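Peer 1:
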Amino acid sequence: MPAARPRLLYVTDLAYPARGRRYCDEDIALTARLREDFDLALCHPLDATALMDAHDAVVVRNSGPVLHYQEAYDTFRTEALRRGTRVYNPLSGRADMAGKQYLLDLTAAGYPVIPTVDRPQDLDRLPLVDSYAVKPKAGADSIGLTFVGREELPGLTYDDTVLVQPRIDFRYEVSFYYVDDTFQYALNAPDPARRWDLQPYEATEADLDFARRFIDWNTLDHGIQRVDACRTQEGELLLVELEDLNPYLSLDLVPEETQVGFVRSMKTSLHRFLS
Numbered sequence: 341m342p343a344a345r346p347r348l349l350y351v352t353d354l355a356y357p358a359r360g361r362r363y364c365d366e367d368i369a370l371t372a373r374l375r376e377d378f379d380l381a382l383c384h385p386l387d388a389t390a391l392m393d394a395h396d397a398v399v400v401r402n403s404g405p406v407l408h409y410q411e412a413y414d415t416f417r418t419e420a421l422r423r424g425t426r427v428y429n430p431l432s433g434r435a436d437m438a439g440k441q442y443l444l445d446l447t448a449a450g451y452p453v454i455p456t457v458d459r460p461q462d463l464d465r466l467p468l469v470d471s472y473a474v475k476p477k478a479g480a481d482s483i484g485l486t487f488v489g490r491e492e493l494p495g496l497t498y499d500d501t502v503l504v505q506p507r508i509d510f511r512y513e514v515s516f517y518y519v520d521d522t523f524q525y526a527l528n529a530p531d532p533a534r535r536w537d538l539q540p541y542e543a544t545e546a547d548l549d550f551a552r553r554f555i556d557w558n559t560l561d562h563g564i565q566r567v568d569a570c571r572t573q574e575g576e577l578l579l580v581e582l583e584d585l586n587p588y589l590s591l592d593l594v595p596e597e598t599q600v601g602f603v604r605s606m607k608t609s610l611h612r613f614l615s
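The opening residue of the sequence shown carries number 341 in this note's numbering; numbering runs sequentially from there.
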């Protein structure tokens with residue numbers, strides 16, 4: 341008899357109303373191709389803990405911001421670690437998977453990241469600009485994001501739950517997509533006001549050197565990561581976010597050949613992860 345195919349539990353929220361994105365379309369298309377190699381079942385993130393024991397691995401994809409189901413997600417993490425469940429991406433991620441603390445850590449370490457502080461005594465480390473972004477450390481998808489003037493910064497409540505960053509006047513945003521430590525493709529949003537109006541972007545060697553620094557910093561052996569950056573008016577790239585939990589891939593915006601290559605890389609990565 342042929343060897344049993346690996347069984348994957350694919351976690352997605354097909355009904356999540358993401359702005360400018362259709363989670364359901366991406367995950368339907370991606371799972372259709374993964375089924376060529378794996379026995380696969382889809383489930384909502386609220387059901388993952390109850391179902392994961394019946395599968396060889398859990399693949400977390402477009403599951404939405406975890407703050408909408410924080411208690412269930414915390415239970416899933418705890419149980420997956422306790423049971424030794426294989427989760428892809430692995431739960432050892434140091435970036436968005438663990439909250440926004442990494443932005444403070446990278447700022448302190450001198451990485452090219454939008455300067456970030458969380459204490460009033462550190463406000464002088466931020467450049468002088470007219471407006472500042474205040475965001476929750478546990479936020480995602482711009483939830484809870486507000487903008488304030490510099491004169492308002494001393495009056496904020498600093499209780500280890502918020503981050504403060506200068507509001508950057510940038511030319512455009514650009515995202516670099518990786519499977520394991522291998523670059524797959526890049527997309528950029530030419531209009532700063534239209535984050536998800538993306539187009540293919542030809543990354544330079546300097547761009548890839550920039551993105552690779554953050555992939556190396558995160559030290560994930562397996563998984564999908566998206567490095568989000570902005571290009572300043574001076575031409576410098578600065579990290580906006582390092583997505584290592586459930587980054588949306590915008591696969592429908594890249595050529596078919598690139599899609600095929602991405603799926604091939606993801607299959608190879610999953611087979612290695614399961615072996």
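Where is the CB? At the ideal position from N, CA and C, for every residue including glycine.
Predicted, not measured: the structure shown is a model, and the values here were computed from it.
Considering only DSSP beta bridges, list what THR522 is partnered with.
Peer 2: Taking the sequence shown and counting its residues from 1, one reaches residue 522 at position 182. In DSSP, THR522 forms a bridge with VAL519.
Peer 1: To the nearest angstrom, how far is it from the Cα of ALA529 to the Cα of ASP377?
Peer 2: Stepping through the sequence shown from its first residue, residue 529 is reached at position 189. Stepping through the sequence shown from its first residue, residue 377 is reached at position 37. ALA529 and ASP377: Cα-Cα distance of roughly 33 Å.
Peer 1: Consult DSSP for ARG511 and reduce its assignment to one of helix, strand or coil.
Peer 2: Translated into the one-based positions of the sequence shown, residue 511 becomes position 171. Correct three-state label for ARG511: strand.
Peer 1: What does the alpha-carbon distance come out to for the pair TYR451 and LEU585?
Peer 2: Residue mapping note: residue 451 aligns to position 111 of the sequence shown, counting from 1. Residue mapping note: residue 585 aligns to position 245 of the sequence shown, counting from 1. For TYR451 and LEU585, the distance between alpha carbons rounds to 21 Å.
Peer 1: For my contact list, VAL514 and TYR541 are in at a C-beta cut-off of 8 Å; report their separation, rounded to the angstrom.
Peer 2: By 1-based counting over the sequence shown, the position of residue 514 is 174. By 1-based counting over the sequence shown, the position of residue 541 is 201. Confirmed, Cβ separation roughly 6 Å.
Peer 1: Please report the distance separating the alpha-carbon of GLU525 from that of THR418.
Peer 2: Mapped onto the sequence shown, residue 525 falls at position 185. Mapped onto the sequence shown, residue 418 falls at position 78. Correcting the residue type first, residue 525 is Tyr in the shown sequence and not Glu. Each residue's alpha carbon lies about 33 Å from the other.
Peer 1: Would you mind sorting MET341 into buried or exposed? The rule is 16 or more other CB atoms within 10 Å of its CB.
Peer 2: Position 1 of the sequence shown, counting from 1, holds the residue named residue 341. Because MET341 carries a pLDDT of 35, less than 50, the predicted location of this residue cannot be relied on, and no value is offered for it.
Peer 1: Indicate whether the contact test is met: 3 or more Cβ pairs, each with one atom in the stretch 442–451 and one in the stretch 563–574, closer than 8 Å.
Peer 2: Segments in contact, no.
Peer 1: By the 10 Å Cβ neighbour count, where 16 or more other Cβ atoms means buried, how is TYR350 classified, buried or exposed?
Peer 2: For the purposes of this step, residue 350 is identified with residue 10 of the sequence shown, where counting begins at 1. Flag for TYR350 reads buried.
Peer 1: Would DSSP call THR486 helix, strand or coil?
Peer 2: Within the sequence shown, residue 486 is the residue found at index 146, counting from 1. Here THR486 sits in strand by DSSP.
Peer 1: Where PRO385 and LYS477 are concerned, what is the direct C-alpha to C-alpha distance, given to the nearest angstrom?
Peer 2: The residue labelled residue 385 in the question sits at position 45 within the sequence shown. The residue labelled residue 477 in the question sits at position 137 within the sequence shown. Taking the straight line from one Cα to the other gives about 21 Å.
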